[in-house]
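**Student:** Before we start, here is the structure in question, set down as structure tokens.
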Amino acid sequence: MDIIYLHGLKVDCVIGVWEWEKQITQTVTIDLDMGFDISVAAKSDHLQDTLSYKQVSRHVQSLVKESRFALVEKLAAAIAAMLLTDFSIKWCRVKINKFGAVGAAGDVGVIIERGKMT
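First residue of the sequence shown: 248, per the numbering used here; consecutive thereafter.
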């Protein structure tokens, strides 16, 4: 399984369970690992034969900015579902970091995997 990754994608969104969180935007940081066969692109050296980082980034940013989820778990699942459907990948790992959610912690968030790694 080849993996194309996009890490450190920062997106402002409305997310949270507390009333004050529903009134502000917060920045989440997203790391994506996506299972994609790159053998055709490795031979052709053509962008159309691979997974475009730019297209993935635009789709994820749009989904996240337009969403209003309470939990990062739901946001991660929505991103994974979109990746599997819109980009025809077989497997993905989505990590969402909600810095500052726990004052004493440097990082806090979720990591999910969806699909089948083959």
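Don't be surprised by glycine CBs; every beta carbon is placed ideally from N, CA and C.
(1) Mark Arg305 as exposed unless 16 or more other C-beta atoms lie within 10 angstroms of its C-beta, in which case mark it buried.
(2) Under a CB-based cut-off of 7 Å, is Cys260 close to chain C?
(3) Would you list, in sequence order, the uninterrupted beta strand (DSSP E) runs of no fewer than 3 residues that lie entirely inside the segment 275-350?
(4) Please state if the CB of Ile251 and the CB of Ile343 are separated by a distance shorter than 7 Å.
(5) Please say whether Ile358 and Met281 have beta carbons closer to each other than 7 Å?
(6) Around the Cβ of Arg340, are there at least 16 other Cβ atoms within 10 angstroms (buried) or fewer (exposed)?
(7) Am I right that Ala317 and Gly255 are in contact with their C-beta atoms under 8 Å? What's the rounded C-beta distance?
(8) Should Trp338 be labelled buried (16 or more other beta-carbon atoms within 10 Å of its own) or exposed?
(9) Within this structure, are the beta carbons of Thr272 and Val261 separated by less than 7 Å?
(10) Check the DSSP bridge columns for Gln273 and list the partner residues they point to.
**Tutor:** Short version:
(1) exposed
(2) Checking the listed chains, one finds no chain C in this structure; it contains a single protein chain.
(3) 338-344
(4) no
(5) no
(6) buried
(7) Wrong, their Cβ atoms sit about 24 Å apart, outside the cutoff.
(8) Classification for Trp338: buried.
(9) yes
(10) Cys260
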